[in-house]
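Visitor: Numbering (UniProt numbering), first residue to last: 1 to 322.
1. Considering just the uninterrupted stretch of the alpha helix (DSSP H) at residue 126, what are its terminal residues?
2. Exposed or buried, residue 94, counting other C-beta atoms within 10 Å across all chains shown (16 or more means buried)?
3. Exposed or buried, which one is residue 128 when buried takes at least 16 other CB atoms within 10 Å?
4. Drop a sphere of 10 angstroms on the beta-carbon of residue 258, count the other beta-carbons inside from all chains shown, and report buried for 16 or more, exposed for fewer.
5. Near residue 184, which residues of its chain fall below 7 Å by C-beta distance, leaving aside the five closest residues on each side in sequence?
6. Roughly how many whole angstroms lie between the Cα atoms of residue 63 and residue 48?
7. Look at the Cβ atom of residue 108, then the Cβ atom of residue 179, and state whether they are nearer than 9 Å.
8. I need the DSSP call for residue 66, collapsed to helix, strand or coil.
9. Residue 256 to residue 246, Cα distance in whole Å?
10. Per DSSP, which one or two residues make a beta bridge with residue 144?
11. Between which two residues does the alpha helix (DSSP H) holding residue 169 run?
12. With a Cβ-Cβ cutoff of 9 Å, do residue 231 and residue 164 count as a contact?
13. Out of 31, 110, 3 and 72, point me to the one whose CA is closest to residue 17's CA.
14. Can you check whether the CB of residue 123 is closer than 9 Å to the CB of residue 162?
15. Between the alpha carbons of residue 32 and residue 102, how many angstroms are there, rounded?
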């Protein structure tokens, strides 16, 4: 849960299906004792709730306001009677409104931010103002007094979702989602109260900010580690391979060996061809007119025997053929 330094007994978190979303620190956060900022992962279409827990009875009664994308949508007042056990846990899952005698609830949800090509589109001031707070859910806590039940109508926030957003309007911001409201459904009635702020300037005592992004956007911001490249099967320990991975490794090695054999055979053929070409070229050069290049000469590998010749006194030569 997100906790401020100024009020460690007060905590807040974002939940989906009753389970708190994992929180990631904001490395670029400016340190303020009464403000904390966390990143959470948003999933398109998921309904979410804002939950806070206060583990100590405060010196004043409290009001907690919820803002979606920079716009106030609802607020809950906690009087001293809510702290009978010394602590409380409250969940805001949507905006409540009244129609006649019936109460309705429009639940919070994440929806994908649709970006379009900026060409031909104009950026108006209202769009830029609306985009300023997109991608953030915040909870603001205030000390209040003179809390009294009233019959006055309830103030309900009206969250308007953005439609097509020009890419250049984002100015490089890694925005992936926006928050929106589901269609209202019947719900139980609530108590409406009036109050006064203890601080005349209406300054909050604690602010919890949750910047929500898709998993890919969180990776691009280096909030969560990028998915590492898988280790090649050839480099993994064979003891860790599954049966399917083992079969795949064997197939790859077999294909590699077959490819290597083909390359080796082609290399031998090229060497033989080169040797024959060299031999043919040398024979062709021995002929005076080049015609001898087509002839084949056979040379005995056995050393030629030298014959003995003698000359007698009469000058007659005798050859020994033995």
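All C-beta atoms in this analysis are idealised placements derived from N, C-alpha and C, irrespective of residue type, glycine included.
Guide: Taking the structure as given:
1. Position 126 of the chain shown, counted from the first residue, corresponds to residue 126. Note, residue 126: alpha helix (DSSP H), 125 to 132.
2. Taking the first residue of the chain shown as position 1, residue 94 is located at position 94. By the neighbour-count rule (16 or more Cβ atoms within 10 Å), residue 94 is buried.
3. Counting from 1 along the chain shown, the entry for residue 128 is found at position 128. It counts as exposed.
4. The residue given as residue 258 occupies position 258 in the chain shown. Counting C-beta atoms within 10 angstroms of its own C-beta, residue 258 has fewer than 16 neighbours from the protein chains shown and is therefore classed as exposed.
5. Here residue 184 corresponds to residue number 184 of the chain shown, with the count starting at 1. The beta carbon of residue 184 lies closer than 7 Å to those of 97, 104, 105 and 106 in the same chain, with the five residues before and after it left out.
6. For the purposes of this step, residue 63 is identified with residue 63 of the chain shown, where counting begins at 1. For the purposes of this step, residue 48 is identified with residue 48 of the chain shown, where counting begins at 1. Rounded to whole angstroms, the separation of the alpha carbons of residue 48 and residue 63 is 21 Å.
7. Along the chain shown, read from residue 1 onward, the residue named residue 108 stands at position 108. Along the chain shown, read from residue 1 onward, the residue named residue 179 stands at position 179. Taking 9 Å as the Cβ cut-off, residue 108 and residue 179 qualify as a contacting pair.
8. Taking the first residue of the chain shown as position 1, residue 66 is located at position 66. Residue 66 falls in the strand class under three-state DSSP.
9. In the chain shown, counting from the first residue as 1, residue 256 sits at position 256. In the chain shown, counting from the first residue as 1, residue 246 sits at position 246. Distance between the alpha carbons of residue 256 and residue 246: 15 Å.
10. In the chain shown, counting from the first residue as 1, residue 144 sits at position 144. Its beta-bridge partners are 61 and 197.
11. Numbered from its first residue, the chain shown carries residue 169 at position 169. Per DSSP, residue 169 belongs to the alpha helix (DSSP H) from 167 to 170.
12. For the purposes of this step, residue 231 is taken as the residue at position 231 of the chain shown. For the purposes of this step, residue 164 is taken as the residue at position 164 of the chain shown. No Cβ-Cβ contact shorter than 9 Å links residue 231 with residue 164.
13. For the purposes of this step, residue 17 is taken as the residue at position 17 of the chain shown. When only C-alpha atoms are compared, the closest one is 110.
14. Along the chain shown, one-based indexing puts residue 162 at 162. Along the chain shown, one-based indexing puts residue 123 at 123. No, the pair does not count as a contact, with Cβ atoms beyond the cut-off.
15. Counting from 1 along the chain shown, the entry for residue 32 is found at position 32. Counting from 1 along the chain shown, the entry for residue 102 is found at position 102. Rounded to whole angstroms, residue 32 to residue 102 spans 42 Å at the Cα level.
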